[in-house]
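In this text, residue positions in the sequence shown follow the working numbering: the first is 442, and each later residue adds one.
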Amino acid sequence: MCRGILGTVVATQGDGPYDEASFDDFLTECGIQARVVVGDDDEAPPVAIFGSEAWDEDDVDTLWAQTSGENIRVYSQELVLASMAIGSSIFDYHNDLAALIAGHPALERFYYTRPEPEAVAFPAPATTPLAGSQRKLIVNFETGTWPASGALGEMGYRVGRSGLPATLRRSILEGVLQVELVAASPATNAYVRDWGPPNSRRRLQKMVNSIAAFAPETLGGEQGTSPRQ
442 MCRGILGTVV ATQGDGPYDE ASFDDFLTEC GIQARVVVGD DDEAPPVAIF
492 GSEAWDEDDV DTLWAQTSGE NIRVYSQELV LASMAIGSSI FDYHNDLAAL
542 IAGHPALERF YYTRPEPEAV AFPAPATTPL AGSQRKLIVN FETGTWPASG
592 ALGEMGYRVG RSGLPATLRR SILEGVLQVE LVAASPATNA YVRDWGPPNS
642 RRRLQKMVNS IAAFAPETLG GEQGTSPRQ
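Listed below in structure tokens is the structure:
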């Protein structure tokens, strides 16, 4: 599945949330070769993955100069993990990719730091917006049954050995994006606000962050244990 999403060769640079060496080891175990972002052959990689820290501005600018944003997909480490959890590139999943790029300094520099920042070339987004939904999900921590994996788990999302087929996971994620979260008590108001309204940038970003919490143990985390995602 990893190579089906990322291909066989990717460029990596930077740390955060995982150190670059550990992330490269993870990719190697998936059968993917990790290379430097800017090499001696002047050939740009088809995929580049940046950590949030310890990345080089000159390398990001060189990568843009080589590609102009065409025929390349630039991920954060979190977006890679989210794509693997979904079973396909998250860039194909939703048409509002600005929400995924916002807040990540390397991705923001690649897509926005150029003479015409309004002409952002997002990589192959879906063209049909998701429709709204009347479904409501009651958020209640007091019953003791709200899962540690949060709204994703409550909607039936899971990965790993007890996981679901990729098509079903994607269907559940569409439901999570569209559902209206309703606070059952004042104690859950902040949680509901943190998830944002249905079909919003905030909701999509929260989903990506929560999916990243399902990170493989090889990257230093235990799946599904982050509290109240």
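By construction, the Cβ of each residue, glycine as well, lies at the ideal position given by its N, Cα and C atoms.
Exercise. Expressed to the nearest angstrom, what Euclidean distance is found between the alpha-carbon atoms of alanine 565 and isoleucine 513?
Worked result: Translated into the one-based positions of the sequence shown, residue 565 becomes position 124. Translated into the one-based positions of the sequence shown, residue 513 becomes position 72. At alanine 565 the pLDDT is 40, less than 50, meaning the model places this residue with poor confidence; the figure from the coordinates comes in the next sentence. Taking the straight line joining both Cα atoms gives about 10 Å.
For this session: Determine the DSSP secondary structure at aspartate 456, reduced to helix, strand or coil.
Result: Taking the sequence shown and counting its residues from 1, one reaches residue 456 at position 15. The answer is strand: DSSP assigns aspartate 456 an E or B state.
Exercise. Tell me which same chain residues have a C-beta within less than 7 Å of the C-beta of cysteine 443, skipping the five on either side of it?
Worked result: Within the sequence shown, the letter at position 2 stands for residue 443. Answer for cysteine 443: Cys471, Gly472, Ile473 and Met525, listed in chain order.
Exercise. Three-state secondary structure (DSSP) at glutamine 646?
Worked result: In the sequence shown, residue 646 corresponds to position 205, counting from 1. The answer is helix: DSSP assigns glutamine 646 an H, G or I state.
Exercise. Hey, alanine 547 and phenylalanine 491: beta-carbon distance below 8 Å or not?
Worked result: Counting from 1 along the sequence shown, the entry for residue 547 is found at position 106. Counting from 1 along the sequence shown, the entry for residue 491 is found at position 50. Their beta carbons are under 8 Å apart, which means alanine 547 touches phenylalanine 491 by this criterion.
Exercise. Thinking C-alpha only, which one of Tyr632, Arg576 and Ile652 is nearest glutamine 619?
Worked result: In the sequence shown, residue 619 corresponds to position 178, counting from 1. Residue Arg576 holds the alpha-carbon nearest to the alpha-carbon of glutamine 619 among Tyr632, Arg576 and Ile652.
Exercise. What residue does the alpha helix (DSSP H) around tyrosine 632 start on, and which one ends it?
Worked result: Along the sequence shown, one-based indexing puts residue 632 at 191. It spans 630-636 - the alpha helix (DSSP H) in which tyrosine 632 sits, taken as one unbroken run.
Exercise. Going by the beta-carbon positions, is the gap between phenylalanine 464 and valine 515 smaller than 8 Å?
Worked result: Position 23 of the sequence shown holds residue 464. Position 74 of the sequence shown holds residue 515. Cβ atoms of phenylalanine 464 and valine 515: not closer than 8 Å.
Exercise. What distance in whole Å lies between the Cβ atoms of alanine 495 and valine 478, which are believed to be in contact at a cut-off of 8 Å?
Worked result: Position 37 of the sequence shown, counted from the start, is the residue given in the question as residue 478. Position 54 of the sequence shown, counted from the start, is the residue given in the question as residue 495. No, valine 478 and alanine 495 are not in contact; Cβ-Cβ is about 12 Å, not under 8 Å.
Problem set entry | Three-state secondary structure assigned by DSSP to valine 410 | Given a span of 442 to 670 for the chain in the structure shown, any question on residue 410 remains unanswerable.
Exercise. Is arginine 576 helix, strand or coil by DSSP?
Worked result: Position 135 of the sequence shown, counted from the start, is the residue given in the question as residue 576. The answer is coil: DSSP assigns arginine 576 none of H, G, I, E or B.
Exercise. So glutamate 470 is in the alpha helix (DSSP H); what residue range does that whole segment cover?
Worked result: By 1-based counting over the sequence shown, the position of residue 470 is 29. Counting along the chain, the alpha helix (DSSP H) containing glutamate 470 begins and ends at 461-470.
Problem set entry | Straight-line gap, alanine 628 to alanine 589 (C-alpha atoms, nearest Å) | One-based indexing of the sequence shown puts residue 628 at position 187. One-based indexing of the sequence shown puts residue 589 at position 148. Going by the C-alpha atoms only, they are around 16 Å apart.
Problem set entry | Residues near glutamine 507 by beta carbon distance below 6 Å, same chain, minus five either side | Along the sequence shown, read from residue 1 onward, the residue named residue 507 stands at position 66. Take glutamine 507, set aside five residues on each side of it, and the residues of its chain with a beta-carbon closer than 6 Å to its own are Ala485, in chain order.
Exercise. Proline 609: buried (16+ other C-beta within 10 angstroms of its C-beta) or exposed?
Worked result: Your numbering for residue 609 matches position 168 in the sequence shown. One point to set straight first is that residue 609 is leucine, not proline, in the sequence displayed. It is exposed - the Cβ of leucine 609 has fewer than 16 other Cβ atoms within 10 Å.
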